[in-house]
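**Q** If you scroll down you'll find the structure; I have some questions about it.
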Amino acid sequence: MFGTRFINDDRAQLYREMRQEHGPLAPVTLLGDVPAWLVLGYRELHQITSNPALFTRDSGIWNQWDRIPADWPLLPMVGRQPSILYETGARHQRRSSLVSDALAAVDPFELRHHAERFADRLIDGFCGRGDGDLVAEYAKVLPALVLARLYGFGDEEGASLVPSINALVDGSEGALEGRDRIQAAMRGLLASRRAAPGADVATRMLHHAYADEFSFEEIVEDMMVNIVAGHQPTADWIGNSLRLTFTDDRFSASLSGGRHSVGEAMNEVLWEETPTQNVAGRWAARDTQLGGKRVRGGDLLILSLAAANADPQVRPDQHSFTGGNNAFLSFGHGDHRCPYPAQDIAEAIARTGIEVLLDRLPDADLAVSRQALVWRPSPWLRGLESLPVHFTPTIAVGDAG
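This is how it looks when you write it as structure tokens:
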């Protein structure tokens, strides 16, 4: 993507080197030598996301379309799509309200209940062994199960969708089939809610005051975007936070003494190893100046949330503990940031998942060295391939009588 170093553990150092050489805006090339800008500066990223008229989400103005083949692997990231991600103007505001209102009505107690229930069920699957992979067997499953339940799927149907969701997110073999299966399931759920409304997100989206302004397929697309985009960053938030508790004495030493440290570890991850690293993107509506560079109309700007979080202008001491500082850009900024209700849901799922696991397996520890942990090869997201642990075998709560 931007070079092989983006898949290694020295990505933070790479951002520093790029900033030293290019300043807050660095020229990069995508697959096929397609040019783009990588926005490294906190102030510049804030400026871009605060000015949707100058830096639009409308990919139709991209000045590279004549070079993009129909089978370009990055089309799902930057291509024209009928989802809320590429909507602009007043129509985006109404579409965003539809989604946000449907998510805001999720009962926090119901959310916590489902997260605890599914977390216990997953832990029951490996707790008797004394070992497990907390990515494959836990983090990559829990958010999808909870989100599917909140949207209106039954437990069994939600579980059956998890492999398709992960295949689509990973871009692995079966990704296209996975997308088709998720899409078919969403259509079926929405169709059923037309006849029999329920107390779920799907029903609230379908019957929202603005729903008549959007087609059935657009609502299906937005449901898919929210489940898929909500699942993987939350899964990585869980995995990256657990990694921190197992490898950083500042957190592992205090977790047994106070549950507040879970929140602190999660906050630290959003600064240091944010799940969403780079986002494509915005397109310059006209020629402009940004970060000392001349940006042409139609240029693609990729937003590096991770690099902006590490900008020395906002974090002069990169080694200081972030504490409760929430000024990170990990959820984006501006009209197209992650909706606040979605952020709250992700945080509740992640925090509950971590707390339940640490309560159930209090002596869990890494089964390999810290250096043996491998990051997934993606410039867009930051998450582990696996997180192997060992612990004292324990009884499944489902068997506790």
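Under the working numbering, the first residue of the sequence shown is numbered 36, with each subsequent residue one higher. We put the beta carbon where it would ideally sit given N, CA and C, even for glycine.
1) Quick check on this structure: which residue in Asp215, Leu49, Trp415 and Leu66 has the alpha carbon closest to the alpha carbon of Thr311?
2) Rounded to a whole number of angstroms, what is the C-alpha to C-alpha distance between Leu120 and Arg92?
3) Return the bridge partner residues of Ala410 from the DSSP annotation.
4) For Arg405, name the three-state secondary structure that DSSP assigns.
5) Restricting to Cα atoms, I'd like to know which of Ala402, Val141, Pro62 and Phe363 is closest to Asp235.
6) Looking at the structure shown, is Leu517 part of a helix, part of a strand, or coil, going by DSSP?
7) Consult DSSP for Ile337 and reduce its assignment to one of helix, strand or coil.
8) May I ask you to verify whether the region 217-227 touches the region 259-279, counting CB pairs closer than 8 Å and requiring at least 3?
9) Should Leu364 and Ala343 be called a contact, given that it needs their Cβ atoms to be closer than 7 Å?
10) By the three-class DSSP mapping on this structure, what secondary structure does Arg294 have?
11) Looking only at its own chain, which residues have a Cβ that is under 6 Å from the Cβ of Gly367, when we skip the five neighbours before and after it?
12) Return the CA-CA distance between Leu133 and Phe426, expressed in angstroms with no decimal places.
13) What did DSSP end up calling Gly310 once you bin it into helix, strand or coil?
14) If we count the other Cβ atoms within 10 Å of its Cβ and call it buried at 16 or more, is Ala231 buried or exposed?
15) Where does Thr269 sit, in a helix, a strand or coil, going by DSSP?
16) Need the endpoints of the alpha helix (DSSP H) that Asp93 sits in, please.
17) Please state if the CB of Ala61 and the CB of Leu80 are separated by a distance shorter than 7 Å.
18) Output needed for Thr269: all residues of its chain with C-beta closer than 7 Å, excluding positions within five of it in sequence on either side, in chain order.
19) For Val204, count neighbouring C-beta atoms within 10 Å of its own C-beta (all shown protein chains included) and say buried if the count is 16 or more, exposed if not.
20) My parser needs the alpha helix (DSSP H) runs of 4 or more residues fully inside the region 163-212; what are they?
21) Would you call the CB atoms of Ser94 and Asp257 closer than 7 Å?
22) For Val304, does the three-state DSSP call read helix, strand or coil?
23) Which residue spans inside the region 217-249 form an unbroken alpha helix (DSSP H) run of at least 4?
24) If you check the beta carbons only, do Ile389 and Val304 fall under 7 Å apart?
25) For Gly114 and Ser131, I'd like the C-alpha separation in whole angstroms.
26) Starting from the C-beta of Ala237, find all residues in its chain whose C-beta is less than 7 Å away, skip the five residues before and the five after it, and write them out in chain order.
27) On a CA-only basis, which of Leu65, Arg164 and Gln82 is nearest Asp370? Give me that one, please.
28) Here's a check: name, in chain order, each residue in its chain whose Cβ is nearer than 6 Å to the Cβ of Pro439, leaving out the five neighbours to either side.
29) DSSP three-state call for Trp72: helix, strand or coil?
**A** Reading it off the structure:
1) Closest by alpha carbon: Trp415.
2) Spanning the two alpha carbons is a distance of roughly 8 Å.
3) Here residue 410 turns out to be Trp, not Ala, going by the sequence shown. Leu419.
4) In the three-state reduction of the DSSP assignment, Arg405 falls in the helix class.
5) Residue Val141 is the option with its Cα nearest to Asp235.
6) This structure cannot speak to residue 517, because the chain is shown only from 36 to 436.
7) The answer is strand: DSSP assigns Ile337 an E or B state.
8) Cβ pair count under 8 Å is three or more, so yes.
9) Yes, these two residues count as a Cβ contact at 7 Å.
10) For Arg294, the predicted structure reports a pLDDT of 47, less than 50, and the residue's modelled location is therefore unreliable. A value from the coordinates is still provided. Reduced to three states, the DSSP call for Arg294 is coil.
11) Cβ neighbours of Gly367 beyond the five flanking positions: Cys373.
12) Roughly 45 Å between the two C-alpha positions.
13) First, the residue type needs correcting, since residue 310 is Pro and not Gly in the sequence shown. The answer is coil: DSSP assigns Pro310 none of H, G, I, E or B.
14) Around the beta-carbon of Ala231, fewer than 16 other beta-carbon atoms lie within 10 Å, marking it exposed.
15) It is helical.
16) Per DSSP, Asp93 belongs to no alpha helix (DSSP H) and is neither H nor E.
17) Judged by beta-carbon spacing, Ala61 lies beyond the 7 Å limit of Leu80, meaning their Cβ atoms are not closer than that value.
18) Sequence-distant Cβ neighbours of Thr269 in its own chain, meaning closer than 7 Å and more than five residues away, are Pro178, Ala381, Ile384 and Ala385.
19) Val204 comes out buried.
20) 177-186 and 190-205, all fully within the region 163-212.
21) No. Outside cutoff.
22) Helix, per DSSP.
23) If we require 4 residues or more, the alpha helix (DSSP H) runs fully inside the region 217-249 come out as 236-241.
24) If you check the CB distance, Ile389 and Val304 do not come in under 7 Å.
25) When only Cα atoms are considered, Gly114 and Ser131 end up about 20 Å apart.
26) Once the five neighbours on either side are set aside, the close Cβ partners of Ala237 are Tyr186, Gly187, Leu224, Leu225, Arg228 and Met258.
27) Sorting Leu65, Arg164 and Gln82 by C-alpha distance to the C-alpha of Asp370 places Gln82 at the top.
28) This structure gives no information on residue 439, because the portion of the chain shown stretches from 36 to 436.
29) Under the three-state reduction of DSSP output, Trp72 falls in the strand class.
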